[in-house]
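In the working numbering, the protein residues as written are 10 to 651. First the structure, in the form of structure tokens, and then the observations on it.
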């Protein structure tokens, strides 16, 4: 059996030895390298694994001694032999190379589980793979046996950081306490905990302006008799630093001074790694760079300044995009846009877009929904975090309840307070003509403002598995045809929670509330009233078909309640299933009296996960259908429903 003596060998004279002293006993099989606590020792050139030859099949027996389900799962996840057991290796030499590499991978997995006295045996055709030559001949299929004895768990007998940073005086500079993360006496001595403790120790100094803080010594001593680890990490803070000059390289059409300004880095300000990360995100949000690197200088200058280099590569100036969606109740929708990323050298964007929807039930262009318009955006208008935007759109919207023909213009600002929190304020004006069966043809002219605040901590906007999305908007406006002041308020919240460590099961919920104050329904533009239904609302019902019932038909209401719940299950890395329930309520009163019917829909969905988000197919049925509602509805789109 191939024996690994980890940290302190049982046959050495001294019971306690440092990692360095144990190095000769830790050599892995030839052509491999030892990696422990983030350090690579005894590096050797790897042989080529892609060998041209007869595909080598193998039958694998993978055994973990003892009752260790979690450890067995981790070991199998780490093993290439296990992970690729259903496909042949690249010849016999490819199988041997893969099996040899499993020694290190399995050993690393044991270290993560605080198992430093384990043994690993990998037999190929009954022989230890470490004894086989790369050109050894093997039967096809070969018999491979992996036997792992994890050994006892090791615990910390000492967990000390020398020269630890003082407590942070500002909460933004706080770093996880290594002790709270498991680096303390009595806790399992996992290798990942030791590595993380060193990273936390360095980060604590860096957060307080010591840009080159580093761990200069790791003393990790093991005692096999007591199954304990004595770990000491020594930190060298180095020199305190402030930001030096910001230099920009790689620009072609962008103005370098503007790029430097957009980083938000101020020469003379105390060094803060959070500021560097914020600079990277600001440059990425400009949308003009294929890549943008923010690099610190290798050394701090004698005067305490740390120069910063910005190295960018610009994208092509123009971009064209197309998209589409389809549902059996709303028809086919197609859209396209043309984008200029950098009009005048400061990342000014001009976007021209068009959309047509409702294709399917009719081929008469007069019954389609159209939208065409343009948006101009100028980033960094007052601060690096403030954008100016202006747009004008013309559209014709054909719904079951009304037809709208309108021109809308708005202009305003968006400001980001942090990665999660932003706010916006816009002025807007619109002229619209509406035709419906209840009120006939009416014209409306409105002008007003739109203010909103958004908090978004989702880990992925297209496929969130954790985080919260919360938005509150307030839109006061004046309608000139009827002389009515009005105000619309909308609040929406979404939450996501993974039920397991790998986010294979995710609960997602959404709640939306809306209210329109004062003007009567007959004197309010229908697009300012609330309607529910459709793929992003209550699935199973037609788009914006749920409203207030009148003797002449359905109209929009003055208040809205929507709720959705989903259970998302990832079946394979690329396939997922979803079960969902949606509900919607629309009232004619600004404060609902619940005299209207609550409409609910339920269904299942299929997700195909891609690099740009999941492709969504939902099948929904209305649980309280009206005479015009479908028996079943299908929705296809990109991204989760919410």
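Where is the CB? At the ideal position from N, CA and C, for every residue including glycine. Owing to the predicted nature of the structure, the values given are computational and were not obtained by experimental measurement.
Distance from residue 236 to residue 162 at the Cβ level is roughly 7 Å; contact confirmed, criterion being Cβ atoms closer than 8 Å.
As the crow flies, the alpha-carbon of residue 307 is around 58 Å from that of residue 569. DSSP places residue 629 in the uninterrupted beta strand (DSSP E) bounded by 622-631. In this structure residue 88 is buried. Its beta-carbon is surrounded by 16 or more other beta-carbon atoms within 10 angstroms.
Per DSSP, reduced to three states, the secondary structure at residue 385 is strand. Here DSSP, grouped into helix, strand and coil, assigns residue 130 to strand.
When DSSP states are grouped into helix, strand and coil, residue 319 belongs to the strand group. Residue state for residue 111 is assigned as helix, using DSSP reduced to three classes.
Beta-bridge annotation (DSSP): residue 418 is paired with 401 and 438.
Residue 419 has its alpha-carbon roughly 14 Å from the corresponding atom of residue 387.
Per DSSP, residue 288 is one residue of the alpha helix (DSSP H) stretching across 282-294. Between residue 423 and residue 350, the C-beta spacing is not below 9 Å. When the Cα atoms are used, residue 487 and residue 478 turn out to be separated by approximately 30 Å.
In this model, residue 516 and residue 118 are separated by some 30 Å (Cα to Cα).
If the five residues before and after residue 489 are omitted, its C-beta is found closer than 6 Å to the C-beta atoms of 454, all from its own chain and listed in chain order. A direct Cα-to-Cα measurement between residue 168 and residue 273 gives close to 39 Å. Within the segment 165-249, the complete alpha helix (DSSP H) segments at least 4 residues long are 200-215, listed from N- to C-terminus. Take the alpha-carbon of residue 579 and the one of residue 622: they are about 14 Å apart. In this model, residue 650 and residue 480 are separated by some 17 Å (Cα to Cα). Counting other Cβ atoms within 10 Å of its Cβ, residue 353 stays below 16 and is therefore classed as exposed. The alpha-carbon of residue 586 is positioned some 6 Å away from that of residue 616. The segment 539-604 is shown to contain no whole alpha helix (DSSP H) run of 4 or more residues. Counted as a single uninterrupted DSSP element, the beta strand (DSSP E) harbouring residue 480 occupies residues 476-488. Beta-bridge pairing by DSSP links residue 372 to no other residue. Beta-bridge annotation (DSSP): residue 361 is paired with 347 and 383.
Between residue 636 and residue 549, the C-beta gap is not smaller than 9 Å, which leaves the two residues out of contact. Excluding the 5 residues flanking it on each side, residue 150 has same chain C-beta neighbours closer than 7 Å at 66, 67 and 68, in chain order. Looking only at 484, 533 and 380, the smallest Cα-Cα distance to residue 492 is reached by 533. Fewer than three Cβ pairs drawn from the segment 544-562 and the segment 500-513 lie within less than 8 Å of each other, which leaves the two stretches out of contact. The beta carbon of residue 144 sits closer than 7 Å to those of 102, all from its chain and outside the five residues before and after it, given in chain order. DSSP places residue 86 in the uninterrupted alpha helix (DSSP H) bounded by 78-87. Comparing C-alpha distances from residue 154 to each of 612, 130, 461 and 462 shows the shortest one belongs to 130. Counting C-beta pairs closer than 8 Å gives three or more between the segment 532-546 and the segment 408-419, which meets the contact rule. In the three-state DSSP reduction, residue 329 falls in the strand class (E or B). When secondary structure is reduced to three states using DSSP, residue 650 falls in the coil class, being assigned neither helix nor strand.
Closest by C-alpha distance to residue 173, out of 190, 189 and 211, is 211.
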